[in-house]
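Engineer: Below you will find the structure I want to go over with you.
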Amino acid sequence: MMAKADDRLIVALDFHTMEDVRTLVAKLGDSVSYYKVGMELFYAVGGKAVTWLRREGKHVFLDLKLHDIPNTVAGGLCSLMHLGADMLNVHASGGLTMMKTAADRLHKKAAEAGIPCPKLIAITVLTSISSVEWQGVGQTCALKDSVLRLARLAKEAGLDGVVASPQEAEAIRAACGEDFLIVTPGVRPAGTSTDDQSRIATPRAALMAGASHLVIGRPIRAADDPKAAAEAILKEMETVP
Numbered sequence: 013m014m015a016k017a018d019d020r021l022i023v024a025l026d027f028h029t030m031e032d033v034r035t036l037v038a039k040l041g042d043s044v045s046y047y048k049v050g051m052e053l054f055y056a057v058g059g060k061a062v063t064w065l066r067r068e069g070k071h072v073f074l075d076l077k078l079h080d081i082p083n084t085v086a087g088g089l090c091s092l093m094h095l096g097a098d099m100l101n102v103h104a105s106g107g108l109t110m111m112k113t114a115a116d117r118l119h120k121k122a123a124e125a126g127i128p129c130p131k132l133i134a135i136t137v138l139t140s141i142s143s144v145e146w147q148g149v150g151q152t153c154a155l156k157d158s159v160l161r162l163a164r165l166a167k168e169a170g171l172d173g174v175v176a177s178p179q180e181a182e183a184i185r186a187a188c189g190e191d192f193l194i195v196t197p198g199v200r201p202a203g204t205s206t207d208d209q210s211r212i213a214t215p216r217a218a219l220m221a222g223a224s225h226l227v228i229g230r231p232i233r234a235a236d237d238p239k240a241a242a243e244a245i246l247k248e249m250e251t252v253p
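Counting from 13, one number per residue, gives the positions in the sequence shown under the working numbering.
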């Protein structure tokens with residue numbers, strides 16, 4: 013029996029061409045309802061990746077990690093909003109003013125246009141960064157404490173959630189409440205390669221810790237049978253309501 017699509021699973025489309033996108037989406041079929049379009053794909057094909065996915069009835073997380081002065085980030089998000097993505101993001105390290113300006117402007121422009129406002133979330137600390145690397149860039153605060161500080165800042169700024177590793181999800185959930193989105197990359201089914209991720213967990217462990225969405229790419233994309241790989245993950249997710 014086919015596992016039912018679950019919006020908590022976001023499959024990363026880390027490709028350079030629309031042909032590769034169409035091929036994977038066709039293979040996954042109705043099993044996957046939510047996709048991530050990141051820098052690799054967006055810089056190669058532009059907004060057509062988002063608009064095509066939306067025409068196919070899919071949800072889209074447009075993962076471009078905006079980080080600049082407040083006015084520039086706010087303007088960029090408002091431009092991206094018209095592509096129709098369900099979720100956009102910025103770097104929390106841009107600060108409270110940048111995030112608040114972005115959130116306020118995005119909501120205002122969406123209301124003026126008469127369209128639903130995309131969810132806006134903030135990157136805390138990239139999941140590829142280890143504690144050793146964190147110290148190497150001059151950070152004296154513990155990595156987990158820094159993630160939690162940035163999550164609280166995002167909530168204060170009026171954002172809908174954050175991107176963080178599964179290892180920080182429980183603390184963020186406790187600090188920021190049940191309605192706060194926690195999108196977790198670095199999710200790897202048991203027995204698969206960790207690739208370039210440092211702070212990881214299995215799908216079940218990430219959800220149990222408080223994650224609202226799991227971003228999974230290579231374990232599905234590089235599998236001999238991507239649909240079977242996705243459905244195995246979905247079955248594991250079913251054990252966590």
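Glycine included, each C-beta is placed from N, C-alpha and C at the ideal position.
Report the three-state DSSP secondary structure of Val-149 (helix, strand or coil).
Structural biologist: Here the question's residue 149 lines up with position 137 in the sequence shown. Coil.
Engineer: Taking the continuous alpha helix (DSSP H) assigned at Ile-245, which residues delimit it?
Structural biologist: Working through the sequence shown from its first residue, we reach residue 245 at position 233. Per DSSP, Ile-245 belongs to the alpha helix (DSSP H) from 238-249.
Engineer: Would Val-57 pass as a contact of Leu-78 if the rule is Cβ separation under 9 Å?
Structural biologist: Your numbering for residue 57 matches position 45 in the sequence shown. Your numbering for residue 78 matches position 66 in the sequence shown. For Val-57 and Leu-78, no; Cβs fall outside 9 Å.
Engineer: In or out: Asp-172 buried (at least 16 other Cβ within 10 Å) or exposed?
Structural biologist: Counting from 1 along the sequence shown, the entry for residue 172 is found at position 160. Looking at its Cβ environment, which holds 16 or more other Cβ atoms inside 10 Å, Asp-172 is buried.
Engineer: How many angstroms separate the CA atom of Asp-208 from the CA atom of Gly-222?
Structural biologist: Residue numbering aside, residue 208 sits at position 196 when the sequence shown is read from its first letter. Residue numbering aside, residue 222 sits at position 210 when the sequence shown is read from its first letter. Summary for Asp-208: the model assigns pLDDT 48, below 50, so the residue's position carries little reliability; its value from the coordinates is reported in the next sentence. Near 23 Å, if we compare the C-alpha coordinates of Gly-222 and Asp-208.
Engineer: On the DSSP letters alone, give me the boundaries of the beta strand (DSSP E) that Gly-189 sits inside.
Structural biologist: Against the sequence shown, residue 189 aligns to sequence position 177. Unbroken run through Gly-189: none, as it is neither H nor E.
Engineer: Please specify which runs of the beta strand (DSSP E), each continuous and at least 3 residues long, are wholly inside the region 74-161, giving them in chain order.
Structural biologist: 99-103 and 131-135
Engineer: Below 7 Å CB to CB, which residues in the same chain sit around Ser-75 once its five sequence neighbours on both sides are set aside?
Structural biologist: As a working note, residue 75 is residue 63 in the sequence shown. The residue asked about is misnamed: residue 75 is Asp in this sequence, not Ser. Within the same chain, Asp-75 has close Cβ partners Lys-48, Val-49, Gly-50 and Asn-101.
Engineer: Verify whether the separation of the beta carbon atoms of Val-195 and Val-227 is less than 9 Å.
Structural biologist: One-based indexing of the sequence shown puts residue 195 at position 183. One-based indexing of the sequence shown puts residue 227 at position 215. Contact: yes.
Engineer: List the whole-angstrom C-beta distance separating Pro-197 from Val-175, where the pair is believed to meet the contact cut-off of C-beta under 8 Å.
Structural biologist: To locate residue 197, count along the sequence shown from 1; it is residue 185. To locate residue 175, count along the sequence shown from 1; it is residue 163. Indeed they touch by this definition, with Cβ atoms about 7 Å apart.
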